[in-house]
Each structure stands twice: as C-alpha cells, then as structure tokens.
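Peer 1:
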Amino acid sequence: MTQDLSLRTVTVMRYILPLREGGSLPALAEADDDFKYVLKFRGGGHGVKMLISELLGGKIAEVLDLKIPELVFANLDVDFGRTEGDEEIQDLLKFSEGLNLALHFISGAIAYDGSVKVDPLLASKIVWLDAYITNIDRTFKNTNLLMWHKELWVIDNGASFYFHHSWMNFEKHALSPFAYIKDHVLLRQASMLDEADTFAKTVLNETILRQIVELIPLDWLHWNDTDDSPEEIKEVYFNFLKTRLENSHNFVNEAKNARG
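Everything in the sequence shown is counted per our numbering, starting at 4 for the first residue and increasing by one.
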C-alpha cells in the first residue's frame, strides 16, 4: 500500500510576529484555513536549501512514525507584507514571494528539557533520523524538540543535508559516519540503535525515498551555484538517501561508539 505523503497548500493571510531564532527569522503566521503556522521563508538565511532540508527531514520523520507537526506548502502573495513596518522583515517577505514551507503551530507546547527521560527506542529513532539526514542541530544547547501532551515532537530539521551547501561529492557525504552525532541531546538515552536501524529499514525503501524527494517543488530547484537541472538535483538527493540507507551501519556504529 502506497503511503500518502502529500502536503496541503495554504495561503498566508496574516503575519503575526517574528520568531527570532537563528538566522532564518521564521514567523508565526495565520493561513486561509484559519490555522496558525510557524512559517519558514525561502528568502531566509540558507534560502530554499533550508526548506528542502525541512521538507525531506520532516517527511522521513513521519515515515519513521515520529511525532511532527503537519508540514504544508505556504504561498506568500506578491503584495503580502507591504505594510510591514520593520524593514528587515519587509525585505524577507519580499524575497519570499511564492511557495514557502510551514509547520502547524502547536499551542502550549514547551521546549524539551534534555534531562527528561525518554523511551529508549524513541530516543534511538530520533538519533537514527538525525544521523541519517546529517542534522547538526539537535543538541543540549538547541534541542529542537517539543513536549506536548506528554509526547515528544520533532521540529526544525532545516540544518540537515549540509552537503548541499557545497553541492560537491555527495557520495563521500552519503558514506560519512557523521561525527557530530556525539553532541545529540538524546544520544545518552539511545540504547536501542540496532533496533531503530532495523525498524527504519522496514519502513524506508527506494519507493518511499523517491516519493519523498519528488515532493520538492521544481520552483525550489533553480540554483545559481550549479548547472544541474531540477531533475538532476532531485536525483542527487535520492541517491544520497538511498546510499546512506544502504550503509547505515557507518553512522549507527559511530553513534554507538559515541555513546560508549
């Protein structure tokens, strides 16, 4: 049975307030479906590559049965933000016209405290995910995890796939053991990494990975730093994920050694 990984598309109606975290300046916004979202802008720090990381990482987390707020494509109309008084925000909105990405805003959620105990298999799945997508940003300093209704929710996967900022030698990066995993906030609790690896390989396969990569809008794939076509860029992402899954022992062993 094919898993439905499609995203809804909403139109942003109201900019509520900036969330001044990191360099990308996300915002709380309201869309035409009357829901509030954390809006990630294509005109932010790392541009569409951050949105691609967020999209791919989020959808892989979903397949791994992790809790993650709903991801949606968020359309920003050309006139949006013209009345915004803050020049920095006005520029951000201007450069973000078109298709952006947003996560459903979870009202009342609190940031995860790294000292709180987590189920070992859940911790191991999240560590596995971040080692797989090479996410350097789920540390004690910045957990990028929320607690809501006593459940752990994964947010902010935008610092993943860092190979795409240089766009060189993806094969080498795909085989990387990912030494940054030593700083992961849940590593100490991730005592079931082999079980997480086995589970991941039962739910992730080439068909699913292809389906996830095909979600990337072509509009996000016209880059100035490569002559690759949008379809060629998609193929690199697919091959990176496929190779990394086939060689997951590289990063699983690295994580196990880092725990030791």
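Idealized CB from N, CA, C, for every residue including glycine.
Determine whether the beta carbon atoms of residue 54 and residue 104 lie at a separation below 7 Å.
Peer 2: Yes; because the gap between Cβ atoms is below 7 Å, this pair is in contact.
Peer 1: How many angstroms separate the CA atom of residue 260 from the CA atom of residue 252?
Peer 2: Cα to Cα, the separation comes out at about 12 Å.
Peer 1: Kindly indicate which three-state DSSP category residue 313 falls into: helix, strand or coil?
Peer 2: Nothing in the structure corresponds to residue 313, since the chain is present only between 4 and 263.
Peer 1: Could you check whether residue 146 and residue 188 sit closer than 7 Å to each other, using their CB atoms as the reference points?
Peer 2: The answer is yes: Cβ separation under 7 Å.
Peer 1: Suppose the cutoff is 8 Å on Cβ atoms and the five residues either side in sequence are ignored; what does the same chain contact list for residue 112 look like?
Peer 2: Excluding positions up to five away in sequence, the list reads 149, 150, 151, 156.
Peer 1: Is it buried or exposed for residue 196, if we count other Cβ within 10 angstroms and need 16 for buried?
Peer 2: Under this definition residue 196 is a buried residue.
Peer 1: If you drop the 5 nearest sequence neighbours on each side, which residues of the same chain put their C-beta closer than 8 Å to that of residue 180?
Peer 2: Same-chain partners within the cutoff: 253, 254, 256, 257.
Peer 1: Spatial neighbours of residue 200 within its chain, please: CB distance less than 7 Å, with the 5 preceding and 5 following residues excluded, ordered by chain position.
Peer 2: 131, 251, 255, listed in sequence order.
Peer 1: Where does the unbroken beta strand (DSSP E) through residue 134 begin, and where does it stop?
Peer 2: Not the beta strand (DSSP E): residue 134 falls in the alpha helix (DSSP H), residues 123–135.
Peer 1: Rounded to a whole number of angstroms, what is the C-alpha to C-alpha distance between residue 170 and residue 6?
Peer 2: Roughly 30 Å between the two C-alpha positions.
Peer 1: From what residue to what residue does the beta strand (DSSP E) around residue 77 run?
Peer 2: Run containing residue 77: 74–79, per the beta strand (DSSP E) assignment.
Peer 1: For residue 12, which residues does DSSP report across the bridge?
Peer 2: According to DSSP, residue 12 bridges with 76.
Peer 1: Might you give, ordered along the chain, the residues of its own chain that have their beta carbon closer than 7 Å to the beta carbon of residue 4, omitting 5 neighbours on each side?
Peer 2: Low confidence applies here, because residue 4 scores a pLDDT of 47, under 50, leaving its location unreliable and the question unanswered by this model.
Peer 1: Which residues share a DSSP beta bridge with residue 43?
Peer 2: Bridge partners of residue 43: 104.
Peer 1: Taking the alpha carbon of residue 1 as the point to measure from, which residue in 43, 217, 247 has its own alpha carbon closest?
Peer 2: Summary: the structure shown does not reach residue 1, with the chain confined to residues 4 through 263, and so no result is reported for it.
Peer 1: Strictly by DSSP, which residues pair up with residue 151?
Peer 2: Residue 151 is bridged to 154.
Peer 1: Going by beta carbon distance, what residues of the same chain come within less than 6 Å of residue 224, once the five residues before and after it are set aside?
Peer 2: Around residue 224: 233, 236.
Peer 1: Helix, strand or coil: how does DSSP classify residue 115 here?
Peer 2: Residue 115: coil per DSSP, three-state reduction.
Peer 1: Does the Cβ of residue 204 have 16 or more other Cβ atoms within 10 Å, making it buried, or fewer, making it exposed?
Peer 2: Its Cβ having fewer than 16 others within 10 Å, residue 204 is exposed.
Peer 1: Tell me the residue span of the beta strand (DSSP E) that contains residue 182.
Peer 2: Residue 182 -> no beta strand (DSSP E), and no H or E assigned at all.
Peer 1: Do you know how far the Cα of residue 64 is from the Cα of residue 8?
Peer 2: Going from the Cα of residue 8 to the Cα of residue 64 covers about 11 Å.
Peer 1: Between the alpha carbons of residue 12 and residue 173, how many angstroms are there, rounded?
Peer 2: Taking the straight line joining both Cα atoms gives about 31 Å.
Peer 1: Is it the case that the Cβ atoms of residue 208 and residue 61 are separated by a distance below 7 Å?
Peer 2: Not a contact, by the Cβ cut-off of 7 Å.
Peer 1: Look at the alpha carbon of residue 114 and the alpha carbon of residue 72, and state the distance between them as a whole number of angstroms.
Peer 2: Whole-angstrom Cα-Cα distance: 14 Å.
Peer 1: Measuring straight from C-alpha to C-alpha, what distance separates residue 14 and residue 137?
Peer 2: The straight-line gap from Cα to Cα measures roughly 31 Å.
Peer 1: Here's the rule I'm using: 16 or more other beta-carbon atoms within 10 Å means buried, otherwise exposed. How should residue 59 be labelled?
Peer 2: Answer is buried; the Cβ neighbour count reaches 16.
Peer 1: Suppose you measure from the CA of residue 16 to the CA of residue 219; what does that come to, to the nearest Å?
Peer 2: Whole-angstrom Cα-Cα distance: 23 Å.
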